[in-house]
Amino acid sequence: MFTWLKTRWHRTGLTAYISHPDCLQHNMGTGHPECPERLTAIRDQLMASQIFDGLQEIEAPEVTDQQLARVHPPSYVEYLEACAPHVGTYRIDPDTAMSPGTLKAARRAAGAVVHGVDLVCEGKVPNAFCAIRPPGHHAESGKAMGFCFYNNLAIGVAHALTEHKLERVAIVDFDVHHGNGTEEIFHDDPRVMMVSIFQHPFYPYCGDKPLGTNMRNVPLRAGSGGREVREVVENVWLPALHEFQPQMLFVSAGFDGHREDDMGSMGLVEADYEWITRHLLQIADLYCHGRLLSVLEGGYELSSLGRSVTAHIRVLSDG
Ligand SMILES: [Zn+2]
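Numbering (my numbering), first residue to last: 35 to 353.
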């Protein structure tokens, strides 16, 4: 009966904040919402809120080819390398473009998640947030789309399963868009469970019919807000997570469901992200020895992005 209290005692050390200046060098052109200023806005707000001093700042290494290959076939990695421009931009799809700094940023982004897995699994930090771009959850094993090139979180999950021999890992995705790439990579993998919410019908126009029984996708209508999302967390996510008993929790943390973010049409606010994070931390404490790794996905209105990430990290670092 005191399991929750007991596990809480084990959490020591500072929450890691993993990022790299190379992540600012990916630039899809003036006016593109997935812009370098997103990371600056997050950092500024963390500093203004005096949260940053309580974090352990860590520079992300580059992902290795071997770590990438667990998710993306070499032919895809080579295709992206061939597309990378020396000057200007190269458009992969109408939304997604490569600049000369894109692959370096993408390698740091995926490397941040892999390093975060190592730090958390080795008990060097209680949990971690990866402040990275480009984001990853739309990237399929062989397809870049929706501002994403490598599926950062999936590469981290694969590393946790292979290198740290974890047998059950859960992914939570609260971005306003469906994490189609993560679903494509892990559907029907019994070691992985994914729970999510997303606005539907909306980009990428799938997810309403899950690809496997390990995918608990919950589409929500435009206009849904904190009340609807909290109901899903209580009625779908938490029962599924209690049943699965993951050994580590990964969060695809997208903040474009904020009511001030006009990328989507949902009505979440900082208090909702805080509430969700608190419940996820309780699951991590119950089953995962506190192991939780949160990875930035979307969030495009700079002010609400900074405030929402700050609310999220405040809970991660305070417990
Ligand atoms: Zn999104």
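Note that beta-carbon positions come from the ideal geometry of N, C-alpha and C, so glycine has one too. Predicted model only: the values in this text are computed from it and were never measured.
Inter-residue Cα distance where the pair is residue i and residue j
{"i": "A50", "j": "H234", "result": "33 Å"}
{"i": "G260", "j": "L114", "result": "38 Å"}
{"i": "T344", "j": "S83", "result": "8 Å"}
{"i": "E304", "j": "L336", "result": "13 Å"}
{"i": "E93", "j": "H60", "result": "17 Å"}
{"i": "F208", "j": "G291", "result": "8 Å"}
{"i": "D127", "j": "P160", "result": "38 Å"}
{"i": "R348", "j": "G157", "result": "20 Å"}
{"i": "S338", "j": "Y321", "result": "31 Å"}
{"i": "F220", "j": "F289", "result": "23 Å"}
{"i": "I52", "j": "R142", "result": "10 Å"}
{"i": "R77", "j": "G88", "result": "13 Å"}
{"i": "A318", "j": "G324", "result": "4 Å"}
{"i": "D99", "j": "H54", "result": "19 Å"}
{"i": "L195", "j": "L326", "result": "14 Å"}
{"i": "L137", "j": "P169", "result": "12 Å"}
{"i": "C155", "j": "E174", "result": "25 Å"}
{"i": "E277", "j": "V111", "result": "36 Å"}
{"i": "T311", "j": "E268", "result": "13 Å"}
{"i": "P107", "j": "A144", "result": "15 Å"}
{"i": "A75", "j": "G176", "result": "31 Å"}
{"i": "G241", "j": "F232", "result": "9 Å"}
{"i": "V46", "j": "D352", "result": "Per the sequence shown, residue 46 should be read as Thr rather than Val. Their backbone Cα atoms lie some 11 Å apart in a straight line."}
{"i": "W309", "j": "E91", "result": "25 Å"}
{"i": "M102", "j": "V148", "result": "Reading off the sequence, residue 102 comes out as Leu, not Met. When rounded, the distance between both Cα atoms is 10 Å."}
{"i": "S342", "j": "R293", "result": "11 Å"}
{"i": "Y237", "j": "L73", "result": "23 Å"}
{"i": "F284", "j": "H346", "result": "14 Å"}
{"i": "T64", "j": "M297", "result": "17 Å"}
{"i": "F86", "j": "S328", "result": "16 Å"}
{"i": "V266", "j": "S258", "result": "11 Å"}
{"i": "S109", "j": "T123", "result": "21 Å"}
{"i": "K243", "j": "D129", "result": "24 Å"}
{"i": "M81", "j": "L48", "result": "16 Å"}
{"i": "L245", "j": "A256", "result": "23 Å"}
{"i": "H66", "j": "Q79", "result": "21 Å"}
Sub-8 Å separation of residue i and residue j beta-carbons
{"i": "R125", "j": "A118", "result": "no"}
{"i": "G340", "j": "V210", "result": "no"}
{"i": "D306", "j": "V263", "result": "yes"}
{"i": "C164", "j": "A178", "result": "no"}
{"i": "L357", "j": "I166", "result": "In the structure as shown, the chain begins at 35 and stops at 353. Residue 357 is therefore absent and cannot be evaluated."}
{"i": "D295", "j": "Y334", "result": "yes"}
{"i": "L272", "j": "H313", "result": "yes"}
{"i": "L153", "j": "M282", "result": "no"}
{"i": "L315", "j": "L350", "result": "yes"}
{"i": "V121", "j": "P134", "result": "yes"}
{"i": "N251", "j": "D223", "result": "no"}
{"i": "H198", "j": "S286", "result": "no"}
{"i": "E71", "j": "M62", "result": "no"}
{"i": "A139", "j": "D56", "result": "yes"}
{"i": "A192", "j": "V105", "result": "yes"}
{"i": "P95", "j": "V203", "result": "no"}
Residue i: CB within 7 Å of a non-hydrogen atom of ligand 1
{"i": "E335", "result": "no"}
{"i": "D209", "result": "yes"}
{"i": "G301", "result": "no"}
{"i": "G33", "result": "Residue 33 is absent from the model: the chain starts at 35 and stops at 353."}
{"i": "G215", "result": "no"}
{"i": "D290", "result": "yes"}
{"i": "E294", "result": "no"}
{"i": "E331", "result": "yes"}
Short CB-CB distance (under 8 Å) between residue i and chain C
{"i": "G176", "result": "The structure shown contains no chain C; it is built from a single protein chain."}
Inter-stretch contact at 8 Å, needing at least 3 Cβ pairs: the region 210-227 / the region 186-198: yes
At least 3 beta-carbon pairs within less than 8 Å: the region 222-229 vs the region 199-207: yes
Cβ contact check for the region 174-184 and the region 300-316: 3 or more pairs under 8 Å: no
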